[in-house]
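Residue numbers (full-length UniProt numbering): 1 to 237.
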């Protein structure tokens with residue numbers, strides 16, 4: 001998102017200070033957005049999109065809405081697109097509101113999460129959810145954070161979860177709440193691990209740098225909760 005904000009701001013000839021003044025924050029805070037150190041609050045995104053003459057969807061994904069063939073559209077409280085941006089108009093018959101969990105799956109060392117709050121969401125095509133095998137009541141979205149699942153899942157991308165699918169499956173990616181790592185997105189692998197001295201479920205990062213992102217055992221206790229299986233981000237998972 002940061003590079004998109006920078007690109008749009010510069011194209012419009014806006015200074016960091018000008019953007020900061022719009023939201024009552026410092027220029028350094030805007031610079032932090034652009035570096036990717038922080039992200040704008042969700043409630044600032046519609047206004048930021050209007051200021052930068054783009055859509056909230058483009059800020060979040062870097063893709064024009066029509067590029068996704070209408071798979072989903074933003075459906076957040078108080079969201080308004082600029083007049084010159086052509087966004088599809090979601091209807092109740094065609095689209096299903098998929099709640100956004102107000103947490104980021106940490107594709108790295110994890111972030112401590114002591115509660116989950118639903119905040120806004122995206123409207124997905126019902127036909128797409130059926131195609132993904134996701135029951136509407138079990139669909140949730142999160143925004144990934146970090147680089148351990150790169151290149152498959154990039155920092156900041158939308159991830160669709162099937163919270164009805166919580167049984168470990170070989171080679172599939174799950175959102176997992178662990179006692180020491182918060183909520184993480186990891187690929188589950190059934191393999192031998194020397195610490196256990198036996199076959200066990202292993203949480204594996206897609207990032208090839210294993211010194212930074214080593215395999216970890218899926219903790220076998222009741223403090224570990226599989227939230228759901230990741231079924232889509234920009235492609236089917």
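We put the beta carbon where it would ideally sit given N, CA and C, even for glycine.
Quick caveat, the model's predicted, so the values are computed rather than measured.
Quick one: grab the DSSP three-state call for residue 140.
-> Taking the first residue of the chain shown as position 1, residue 140 is located at position 140. Of the three classes helix, strand and coil, the one that applies to residue 140 here is strand, per DSSP.
With DSSP collapsed to three states, give me the class of residue 104.
-> If you number the chain shown from 1, residue 104 lands on position 104. The predicted model places residue 104 with a pLDDT of 47, which falls under 50 and marks its position as unreliable; any figure quoted below should be read in that light. Of the three classes helix, strand and coil, the one that applies to residue 104 here is coil, per DSSP.
Can you give the Cα-Cα distance for residue 13 and residue 7, rounded to whole angstroms?
-> Within the chain shown, numbered from 1, the residue matching residue 13 stands at position 13. Within the chain shown, numbered from 1, the residue matching residue 7 stands at position 7. Approximately 10 Å between the Cα atoms of the pair.
Ends of the alpha helix (DSSP H) at residue 22?
-> Numbered from 1 along the chain shown, position 22 holds the residue referred to as residue 22. Element bounds for residue 22: 16 to 23.
Whole-Å CB distance - residue 224 paired with residue 173, under 8 Å assumed | By one-based count along the chain shown, residue 224 stands at place 224. By one-based count along the chain shown, residue 173 stands at place 173. Between residue 173 and residue 224 the Cβ distance is about 16 Å, and since that is not below 8 Å, they are no contact.
Alpha carbon to alpha carbon, how far is residue 55 from residue 48? Give it in angstroms, no decimals.
-> Position 48 of the chain shown, counted from the first residue, corresponds to residue 48. Position 55 of the chain shown, counted from the first residue, corresponds to residue 55. C-alpha separation (whole angstroms): 9 Å.
Ordered list of alpha helix (DSSP H) runs contained in the segment 25 to 69, each at least 4 residues | 27 to 35, 45 to 51 and 56 to 61
Any chance you could list the alpha helix (DSSP H) runs of at least 4 consecutive residues sitting entirely within the segment 177 to 220, in chain order?
-> none
Whose C-alpha, out of 227, 232 and 194, is nearest the C-alpha of residue 101?
-> Position 101 of the chain shown, counted from the start, is the residue given in the question as residue 101. The candidate whose alpha carbon is nearest that of residue 101 is 227.
Alpha carbon to alpha carbon, how far is residue 169 from residue 231?
-> To locate residue 169, count along the chain shown from 1; it is residue 169. To locate residue 231, count along the chain shown from 1; it is residue 231. Cα to Cα, residue 169 sits roughly 12 Å from residue 231.
So, residue 187 versus residue 161, is the Cβ gap smaller than 7 Å?
-> Numbered from its first residue, the chain shown carries residue 187 at position 187. Numbered from its first residue, the chain shown carries residue 161 at position 161. No, the Cβ-Cβ distance between residue 187 and residue 161 is not below 7 Å.
Spatial neighbours of residue 35 within its chain, please: CB distance less than 7 Å, with the 5 preceding and 5 following residues excluded, ordered by chain position.
-> For the purposes of this step, residue 35 is identified with residue 35 of the chain shown, where counting begins at 1. Hits under 7 Å: 2.
Buried or exposed: where does residue 130 fall if 16 or more other Cβ atoms within 10 Å of its Cβ makes it buried?
-> In the chain shown, the residue the question calls residue 130 occupies position 130. Classification of residue 130: exposed, given that the 10 Å Cβ count is below 16.
To the nearest angstrom, report how far apart residue 21 and residue 217 are at their CA atoms.
-> For the purposes of this step, residue 21 is taken as the residue at position 21 of the chain shown. For the purposes of this step, residue 217 is taken as the residue at position 217 of the chain shown. Using only the alpha carbons, I get a separation of about 47 Å.
Cutoff 6 Å; reference residue 82; Cβ partners in own chain excluding five residues on either side = The residue given as residue 82 occupies position 82 in the chain shown. In this predicted model, residue 82 has a pLDDT of only 37, less than 50, meaning its place in the structure is not dependable; the value taken from the coordinates is given anyway. If we look at residue 82 and ignore the five residues flanking it on each side, its Cβ neighbours are 50 and 53.
Near residue 18, what residues of its chain come up, given a Cβ to Cβ distance below 7 Å and the 5 sequence neighbours on each side ignored?
-> For the purposes of this step, residue 18 is taken as residue 18 along the chain shown, with counting starting at 1. Contacts found: none.
Residue 83 by DSSP, collapsed to three states: which one?
-> On the chain shown, position 83 is the one that residue 83 refers to. Residue placement at residue 83 is poorly supported in this model, since its pLDDT is 39, which falls under 50; the coordinates are not used for a value here.
Taking the alpha helix (DSSP H) that residue 2 falls in, what are its first and last residues?
-> Position 2 of the chain shown holds residue 2. Per DSSP, residue 2 belongs to the alpha helix (DSSP H) from 2 to 11.
Rounded straight-line distance, which links the Cα of residue 158 to that of residue 121 = Sequence index remark: in the chain shown, residue 121 carries index 121 (1-based). Sequence index remark: in the chain shown, residue 158 carries index 158 (1-based). Roughly 11 Å between the two C-alpha positions.
Of the listed residues 32, 155 and 219, nearest to residue 143 (C-alpha basis) = Taking the chain shown and counting its residues from 1, one reaches residue 143 at position 143. Closest by alpha carbon: 155.
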